[in-house]
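Residue numbers (my numbering), protein chains in the order written: chain A, 5 to 243; chain B, 5 to 243. This report refers to the structure that appears directly beneath it.
2 protein chains.
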Amino acid sequence: MQGYDPSAFPPFAVTVDLAVFTVRAMRLHVLLVERGQDPHRGRWALPGGFLLPHEAAEQAARRELAEETGLSCDTTEGLHLEQLRTYSDPDRDPRMRVVSVAFTALLPDLPEPRGGGDAARARWTPRDEASPLAFDHDRILADAHERIGAKLEYTCLATAFCPAAFTLGELRQVYETVWGVALDRPNFRRKVLATPGFVEPVAGGPRRTGARGKPAALYTAGPARSLHPPLLRPEGRPR
Amino acid sequence: MQGYDPSAFPPFAVTVDLAVFTVRAMRLHVLLVERGQDPHRGRWALPGGFLLPHEAAEQAARRELAEETGLSCDTTEGLHLEQLRTYSDPDRDPRMRVVSVAFTALLPDLPEPRGGGDAARARWTPRDEASPLAFDHDRILADAHERIGAKLEYTCLATAFCPAAFTLGELRQVYETVWGVALDRPNFRRKVLATPGFVEPVAGGPRRTGARGKPAALYTAGPARSLHPPLLRPEGRPR
DNA sequence: ACTTTTATAGTCACACTGACTTTTAAGGGG
DNA sequence: CCCCTTAAAAGTCAGTGTGACTATAAAAGT
């Protein structure tokens with residue numbers, strides 16, 4: 005029905021929702037906001053909001069993220085946003101038809117965000133303590149978690165969780181935290197270093213003080229974007 | 005901006021677009037319709053159309069596919085539709101803001117479709133002769149082709165291109181056609197048969213007549229949905 | 001001094017892969 | 001009817017990546 009009489013098409017509200025993850029204290033955390041308006045006022049939800057008439061979805065996602073969490077422009081501008089999928093169940097919003105385009109993003113551990121816009125508050129929440137969320141955001145969060153877990157296998161995305169310089173132990177913890185499994189240290193090291201362009205050694209003496217064990221060498225993210233061969237998650241070996 | 009005054013949100017038109025592929029005569033084909041209305045009247049485009057007020061995107065995709073191409077209900081009901089991504093560039097439609105949710109589907113070779121609804125005509129077109137299409141459909145088609153190519157690597161999706169019973173040679177042609185590379189016959193056979201649940205042998209004597217060479221055994225799609233280990237496409241070996 | 005923790009190095013058997021050869025069974029042409 | 005072509009099916013073999021494991025090194029805590 006691609007007729008174009010402007011009055012002939014059913015109007016929809018279009019929103020964006022963001023599942024923004026970080027690894028903090030060995031646990032996967034997700035960025036949540038407390039809703040300041042009905043419906044679901046006072047409940048926690050993924051950050052997001054309405055598309056403006058001139059915006060593409062990704063622009064709107066960046067804007068809402070900055071508005072609702074006060075993350076700095078430095079953070080949000082360079083941030084890699086990936087479209088997850090679109091949720092269009094007619095009943096997903098109790099008041100009206102809202103079609104929502106969901107995005108996923110990964111950040112290194114950052115200071116606590118602040119609320120703003122329509123968000124009363126914002127905070128990092130451990131992923132397994134996030135439910136129940138408003139609307140169908142539990143479903144979106146589950147899809148996003150599954151997606152980033154899968155992407156770690158065949159992309160270099162894990163470095164997006166790490167600060168500019170990191171140790172292989174920190175990188176390994178990203179995988180262990182997202183997948184919820186324990187990985188063999190020497191084998192992980194071998195695979196990462198065998199993939200050209202995944203990580204590159206950085207000068208600067210080994211490791212900041214305060215940690216235990218032998219000092220580790222520091223690395224930065226390399227230019228590679230994909231992993232050949234992939235780093236597959238083990239099947240059934242819980243941590 | 006999650007305010008809920010019904011007059012406070014910008015209204016958008018929401019459409020679905022479908023990239024439906026098949027393998028016919030050793031070439032990848034895509035289902036196209038000729039537009040019967042402006043804009044782009046007379047040009048070829050992916051089938052699709054407006055979401056109705058009560059519909060989820062996937063329902064709308066099924067309905068539009070049936071309306072515009074006359075494919076039988078048997079075909080469209082059981083069809084596996086996969087959401088590709090959502091296109092929301094403000095300029096993607098010359099008349100107004102249209103946000104489109106794109107889907108991908110795979111079919112075995114079928115009779116020629118007919119037009120219907122807003123489609124003047126419908127036909128299977130070789131994928132490399134499809135451009136230029138209306139709107140941003142060249143981009144959607146490219147994304148869809150890339151996606152199905154990637155999915156063949158780690159899912160059992162290839163059997164969706166095949167009839168109920170097929171030979172390993174036919175299955176291999178699916179991979180070769182979508183990827184545009186030549187695969188080693190013995191190695192392909194070994195990998196497919198080594199993956200439990202990918203294909204299952206079927207009784208009925210070998211191969212229908214009319215083909216040359218030694219008769220091949222027939223198989224049907226097995227219960228497996230994913231491929232472990234994956235069947236990776238070779239890097240730089242054009243057919 | 002000793003234990004704990006983590007990084008780093010190295011070993012080994014096994015599975016999978018790509019490249020290749022050989023054999024079998026059909027059709028087509030002279 | 002023989003031979004050639006085509007494609008399926010079966011097998012070989014060397015190289016590579018992997019999981020499981022052991023050993024050594026260098027820090028912090030007790």
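Glycine included, every Cβ here is placed at the ideal spot set by N, Cα and C.
Original post:
Hey, is the stretch 83-90 of chain A in contact with the stretch 80-90 of chain B, meaning 3+ C-beta pairs nearer than 8 Å?
Top reply: Contact check between the stretch 83-90 of chain A and the stretch 80-90 of chain B: three or more CB pairs, one atom from each, fall below 8 Å, which counts as touching.
**OP:** Check whether the Cβ atoms of R125 of chain B and E38 of chain B sit closer than 9 Å, and answer yes or no.
**Re:** Reading the second sequence from its first residue, position 121 is the one you call residue 125 of chain B. Reading the second sequence from its first residue, position 34 is the one you call residue 38 of chain B. Cβ distance < 9 Å, so R125 of chain B and E38 of chain B count as in contact.
Original post:
So is V103 of chain A in contact with chain B if we call contact Cβ pairs under 9 Å?
Top reply: On the first sequence, residue 103 of chain A is found 99 positions in, with the first residue counted as 1. So yes, V103 of chain A belongs to the interface.
**OP:** Mind checking who F16 of chain B pairs with in its DSSP beta bridge?
**Re:** Locating residue 16 of chain B in the second sequence gives position 12, where the first residue counts as 1. Looking at the DSSP assignment, F16 of chain B forms a beta bridge with A:F16.
**OP:** With a floor of 4 residues, list each alpha helix (DSSP H) that falls wholly inside the stretch 150-231 of chain B, ordered by position along the chain.
**Re:** 172-183 and 189-198
**OP:** Establish whether the CB of Y8 of chain A and some CB of chain B are separated by less than 9 Å.
**Re:** Taking the first sequence and counting its residues from 1, one reaches residue 8 of chain A at position 4. For Y8 of chain A, the pLDDT reaches just 46, beneath the cut-off of 50, and the residue's location in the model is therefore unreliable, although a value from the coordinates is still provided. Judged by the 9 Å Cβ criterion, Y8 of chain A is in contact with chain B.
Subject >> Proximity test, Cβ basis, 9 Å: V18 of chain B and chain A >> reply: On the second sequence, position 14 is the one that residue 18 of chain B refers to. Closer than 9 Å: yes.
Subject >> Whole-angstrom distance between V105 of chain B and A65 of chain B, CA atom to CA atom >> reply: On the second sequence, residue 65 of chain B is found 61 positions in, with the first residue counted as 1. On the second sequence, residue 105 of chain B is found 101 positions in, with the first residue counted as 1. One C-alpha to the other measures close to 9 Å.
Original post:
Based on the DSSP output, what are the partners of E86 of chain B in its beta bridges?
Top reply: For this step, residue 86 of chain B is matched to residue 82 along the second sequence. E86 of chain B is bridged to B:T108.
Subject >> E38 of chain B, enclosing beta strand (DSSP E) - first and last residue >> reply: Sequence index remark: in the second sequence, residue 38 of chain B carries index 34 (1-based). According to the DSSP assignment, E38 of chain B belongs to the beta strand (DSSP E) that extends over R31 to R39.
Original post:
Which residues share a DSSP beta bridge with L75 of chain B?
Top reply: Here residue 75 of chain B is taken as the residue at index 71 of the second sequence, counted from 1. Beta-bridge pairing links L75 of chain B to no other residue.
**OP:** Kindly indicate which residue of B:C166, B:D21, B:I152 and B:V103 has the alpha-carbon position closest to the one of A29 of chain B.
**Re:** Here residue 29 of chain B corresponds to residue number 25 of the second sequence, with the count starting at 1. Cα-wise, what sits closest to A29 of chain B is B:C166.
**OP:** Please check the pair E72 of chain A and P51 of chain A, which I expect to be a contact at CB under 8 Å, by giving their CB distance rounded to whole angstroms.
**Re:** Translated into positions along the first sequence, residue 72 of chain A becomes position 68. Translated into positions along the first sequence, residue 51 of chain A becomes position 47. Going by Cβ atoms, the distance from E72 of chain A to P51 of chain A rounds to 5 Å, so yes, they are a contact pair.
**OP:** Kindly indicate which three-state DSSP category R1 of chain A falls into: helix, strand or coil?
**Re:** Residue 1 of chain A cannot be examined here, being either before or after the span of chain A that is shown, 5 to 243.
Subject >> is_contact[K195 of chain A, chain B] using C-beta, thresh 9 Å >> reply: For the purposes of this step, residue 195 of chain A is taken as the residue at position 191 of the first sequence. No, because no Cβ of chain B sits closer than 9 Å to the Cβ of K195 of chain A.
Original post:
Can you tell me whether L197 of chain A is buried or exposed, with buried defined as 16 or more other CB within 10 angstroms of its CB?
Top reply: Residue 197 of chain A sits at position 193 when you count from the first residue of the first sequence. So L197 of chain A counts as exposed.
**OP:** Evaluate contact between the stretch 117-131 of chain A and the stretch 190-206 of chain A, counting only Cβ atoms and requiring at least three cross-stretch pairs below 8 Å.
**Re:** no
**OP:** Using a cut-off of 8 Å between C-beta atoms, extract the partners of F13 of chain B located in chain A.
**Re:** Translated into the one-based positions of the second sequence, residue 13 of chain B becomes position 9. The contacting residues are A17 and F54.
Subject >> Three-way DSSP call (helix, strand, coil) for A148 of chain B in this model >> reply: For this step, residue 148 of chain B is matched to residue 144 along the second sequence. DSSP places A148 of chain B in helix when its eight states are reduced to three.
Original post:
Alpha carbon to alpha carbon, how far is A207 of chain B from G173 of chain B?
Top reply: To locate residue 207 of chain B, count along the second sequence from 1; it is residue 203. To locate residue 173 of chain B, count along the second sequence from 1; it is residue 169. Looking at the two C-alpha atoms, the distance is approximately 17 Å.
Subject >> Neighbourhood of Q41 of chain A by C-beta, 6 Å cutoff - its chain only, sequence neighbours within 5 removed >> reply: Here the question's residue 41 of chain A lines up with position 37 in the first sequence. Result list for Q41 of chain A: D122, in chain order.
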